[in-house]
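Here's the structure we're looking at; comments come further down.
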Amino acid sequence: MESSIKVGISSCVLGERVRFDSGHKVSNFVTKELSNYFDFVSVCPEVGVGMPVPRPTIRLISNEERIALVETKNPDNDHTDNMLTYSANKVDELQNEQLCGYIVCAKSPTCGMERVKVYSKNNAAKEGVGLYTKTLMEKMPWLPVEEDGRLNDPVLKENFITRIYCLNDFYESMAGEPTRGKIIDFHSRYKLTLMAHHPESYRSLGRLVADVASYEIDEFYREYRLGLMTALSNRASRKNNTNVLMHLQGYFKRSLNKDEKEELATVIQDYRTGTLPLLAPLTLIKHYLNAYPDEYLQRQKFLEPHPQEMRLRYGL
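Sequential numbering from 2 applies to the sequence shown in this note's numbering.
Following this line, the structure appears as structure tokens:
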């Protein structure tokens, strides 16, 4: 399956033997499943700055002035400046790739997204972020970033891939150059998605889009993209999903007969209480949409935010 959706990734997670011990941290989910949908852009910061394979282990240490990247057994070998320079240049380069997501290696002093050990002089550890990934998230704050291990969680996995497909849709929708018409049309398709992920952003982005004419279009593009992706980084809760399902239910009140209305209400209630997965009410709503078409609802990405064959909503 060919894909033009570009996703950055730590080289070791792809199975490349670039780790300090000449090993890798291959993710079968990435290599056997996601590789069918995404075009991976592989990066290893350690190799990028010229460190050998194998190599001495490195770690982050904190002093009063800064967090430094040093060799564990020989802290005088400081790689901080080289890594920061490389990271800034590499991320600038990646901004031209139109990445839609990034998968990083957990706990790595360069690539870890969270809970990376940062040592102090007395060897007490606190939690930090890998130097490369910190630069990545600072320079590209809209980009969906996730750690390899966290993709084993079905909720985190579904949320991350929803964001990837949304950002790709945004870029494709704005192809050529962004216009107010393209933005309004795109936002219309994601109203229910935003309602499910972050109701406050659903309202604030709605106000932003309504005021689009008062912005320079490039400025609006950047502000909307950041607001959209920040909103979707919030996981859709059962409560919010239920509210969206009930909102969808309202569109059918003149179409469904009494038995159909009762069936839909029961399935939504069973999802709300955790008896049924999200897929159950969505399947029924899609069935009713086929029987009673509604153009606005059929365009809503909430109903299918990613390819159905990825089976990401089965455990939600």
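Glycine is no exception: its CB is placed at the ideal position from the N, C-alpha and C atoms.
Nearest to residue i by alpha carbon, out of the options?
| i | options | result |
| --- | --- | --- |
| serine 43 | Asp77, His307, Phe253 and Ser12 | Ser12 |
| leucine 279 | Val245, Ser174 and Arg56 | Val245 |
| valine 19 | Pro55, Phe39 and Lys7 | Pro55 |
| asparagine 120 | Glu147, Asn64 and Met175 | Before going on, a small fix: residue 120 reads as tyrosine here, not asparagine. Measuring from the Cα of tyrosine 120, the nearest candidate turns out to be Asn64. |
| lysine 26 | Glu173, Cys106 and Tyr38 | Cys106 |
| serine 28 | Asn153, Ala69, Lys118 and Gly129 | Asn153 |
| isoleucine 331 | Glu224, Phe41 and Ala69 | Lying before the first or after the last residue shown, residue 331 is absent from the chain, which here runs from 2 to 317. |
| asparagine 291 | Gly207, Phe253 and Arg226 | Phe253 |
| isoleucine 162 | Pro306, Ser36 and Ser23 | Pro306 |
| valine 156 | Leu61, Ile68 and Asn235 | Asn235 |
| alanine 214 | Arg181, Ser205 and Leu233 | Arg181 |
| proline 46 | Ile104, Ile62, Thr111 and Leu95 | Thr111 |
| lysine 183 | Arg151, Leu15, Tyr225 and Tyr166 | Tyr225 |
| leucine 100 | Phe39, Ala126, Pro282 and Ala281 | Phe39 |
Can you have a look at residue i and say buried or exposed, based on whether 16 or more other CB atoms are within 10 angstroms of its CB?
| i | result |
| --- | --- |
| aspartate 149 | buried |
| asparagine 333 | No answer is possible for residue 333: the residues shown for the chain start at 2 and end at 317. |
| arginine 314 | buried |
| methionine 2 | With a pLDDT of only 47 at methionine 2, under 50, the local geometry of the prediction cannot be trusted, and the value read off the model is given with reservation. So methionine 2 ends up on the exposed side. |
| histidine 288 | exposed |
| lysine 91 | buried |
| glutamine 299 | exposed |
| leucine 168 | buried |
| tyrosine 87 | buried |
| proline 145 | buried |
| glutamate 66 | exposed |
| arginine 164 | buried |
| leucine 229 | buried |
| proline 294 | exposed |
| lysine 259 | exposed |
| proline 53 | exposed |
| tyrosine 297 | exposed |
| leucine 227 | exposed |
| glutamate 310 | exposed |
| alanine 176 | exposed |
| serine 109 | buried |
| alanine 237 | buried |
| glutamate 128 | exposed |
Between residue i and residue j, what straight-line distance do the alpha-carbon atoms span, to the nearest angstrom?
| i | j | result |
| --- | --- | --- |
| glycine 49 | aspartate 77 | 21 Å |
| glutamate 217 | tyrosine 203 | 22 Å |
| glycine 102 | glutamate 115 | 17 Å |
| glutamate 17 | lysine 33 | 15 Å |
| isoleucine 185 | aspartate 82 | 44 Å |
| phenylalanine 21 | aspartate 170 | 38 Å |
| aspartate 93 | leucine 265 | 49 Å |
| threonine 267 | serine 5 | 41 Å |
| lysine 74 | glutamate 98 | 37 Å |
| glutamate 139 | threonine 284 | 39 Å |
| threonine 58 | valine 71 | 9 Å |
| arginine 239 | proline 142 | 27 Å |
| glutamine 270 | aspartate 79 | 58 Å |
| glycine 113 | threonine 276 | 36 Å |
| arginine 190 | glutamate 173 | 14 Å |
| arginine 60 | glutamine 301 | 46 Å |
| glutamate 201 | histidine 188 | 15 Å |
| leucine 249 | valine 8 | 32 Å |
| glutamine 96 | arginine 255 | 48 Å |
Could you please give the first and the last residue of the uninterrupted alpha helix (DSSP H) stretch that includes residue i?
| i | result |
| --- | --- |
| tyrosine 172 | 155 to 174 |
| alanine 264 | In the sequence on display, residue 264 carries glutamate and not alanine. Run containing glutamate 264: 259 to 273, per the alpha helix (DSSP H) assignment. |
| serine 202 | 200 to 211 |
| alanine 232 | 218 to 233 |
| valine 245 | 239 to 251 |
| valine 50 | Counting along the chain, valine 50 falls outside any alpha helix (DSSP H), and DSSP gives it neither H nor E. |
| phenylalanine 187 | 181 to 190 |
| leucine 85 | 81 to 95 |
| threonine 136 | 132 to 140 |
| glutamine 99 | Glutamine 99 -> no alpha helix (DSSP H), and no H or E assigned at all. |
| glutamine 299 | 296 to 299 |
Quick one: give me the first and last residue of the beta strand (DSSP E) that residue i is part of.
| i | result |
| --- | --- |
| phenylalanine 41 | 40 to 44 |
| isoleucine 62 | 59 to 63 |
| glycine 102 | 102 to 105 |
| lysine 118 | 117 to 120 |
| lysine 7 | 7 to 11 |
| lysine 127 | 126 to 129 |
| leucine 279 | It is not in any beta strand (DSSP E) - leucine 279 carries neither H nor E in the DSSP assignment. |
| valine 71 | 68 to 72 |
| valine 146 | 146 to 148 |
Got a sec: is the Cβ-Cβ distance from residue i to anything in chain D below 8 Å?
| i | result |
| --- | --- |
| serine 202 | This model lacks chain D altogether; it includes just one protein chain. |
Take every Cβ of the segment 191 to 209, pair it with every Cβ of the segment 134 to 144, and state whether three or more of those distances are shorter than 8 Å.
Taking a cut-off of 8 Å for Cβ pairs, the segment 191 to 209 and the segment 134 to 144 do not touch, as fewer than three such pairs fall below it.
The segment 242 to 256 / the segment 218 to 227 touching (three or more Cβ pairs under 8 Å)
Because the criterion of three Cβ pairs below 8 Å is not met, the segment 242 to 256 and the segment 218 to 227 do not touch.
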